[in-house]
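Notes to accompany the following structure.
In structure tokens:
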């Protein structure tokens, strides 16, 4: 089985890091993953998109996705076209209030997550991207939560290591924002 994720937002929201974290966590669990990054030259405020494909066998889908199973919308800017690529029944994590959950097609499963409020509540105000990733992973059960934390810790550059604990709290807070049926 292959699952595709498209992440859309603006530079500075952690789009690329959350996508890399998911891909690395999947490979550390023995799964196959591919990642594609698409971002502008700006450090902050420009377009930032990423695609991750995770599978149990060698992958057939390239991470340049004409259609996808799921998406995380971190910001409404630069999100054009992403919804159109989602297959019916697709999972959407929408970062409210920056993304209006009522603006999605009725055939999608949309989950509203106020990532900034959740991040601030766990004293991780710059980790809203990890809140979104935690919520997404709780909904999809793509990888074990501990694998996300370990991958995030591995990917943090030395000058950001002091944020590992707060990022881990943000991942857990994101998982707590969505109701998951067993």
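Numbering (the working numbering), first residue to last: 2 to 183. Built from N, CA and C at the ideal position, the CB exists for glycine as well. Because the structure is a prediction, the values reported are computed rather than measured.
Alpha-carbon spacing of residue i relative to residue j, whole angstroms
i	j	result
residue 1	residue 77	Coverage of the chain is limited to positions 2 through 183, which leaves residue 1 absent and any answer about it impossible.
residue 94	residue 160	29 Å
residue 97	residue 170	19 Å
residue 67	residue 158	32 Å
residue 55	residue 90	18 Å
residue 228	residue 13	Residue 228 lies beyond the range of the chain shown here (2 to 183); nothing can be said about it.
residue 35	residue 83	18 Å
residue 178	residue 144	17 Å
residue 166	residue 15	16 Å
Nearest-angstrom Cβ-Cβ length linking residue i and residue j, presumed shorter than 8 Å
i	j	result
residue 9	residue 79	6 Å
Residue closest to residue i, alpha-carbon to alpha-carbon, out of the options
i	options	result
residue 133	99, 37, 154	99
residue 115	109, 128, 107, 108	128
residue 155	3, 15, 111, 29	29
residue 109	118, 73, 117, 131	73
residue 168	113, 130, 180	130
residue 113	124, 88, 140	140
Residue i burial status per 10 Å Cβ neighbour count (16 or more: buried)
i	result
residue 175	buried
residue 5	buried
residue 162	exposed
residue 153	buried
residue 49	buried
residue 92	buried
Cβ of residue i within 8 Å of any chain B Cβ
i	result
residue 167	Within the model displayed, chain B is absent; a lone protein chain is all it includes.
When you compare the stretch 12 to 27 with the stretch 143 to 155, are there three or more beta-carbon pairs, one atom per stretch, that lie closer than 8 Å? Output reads yes: the stretch 143 to 155 touches the stretch 12 to 27.
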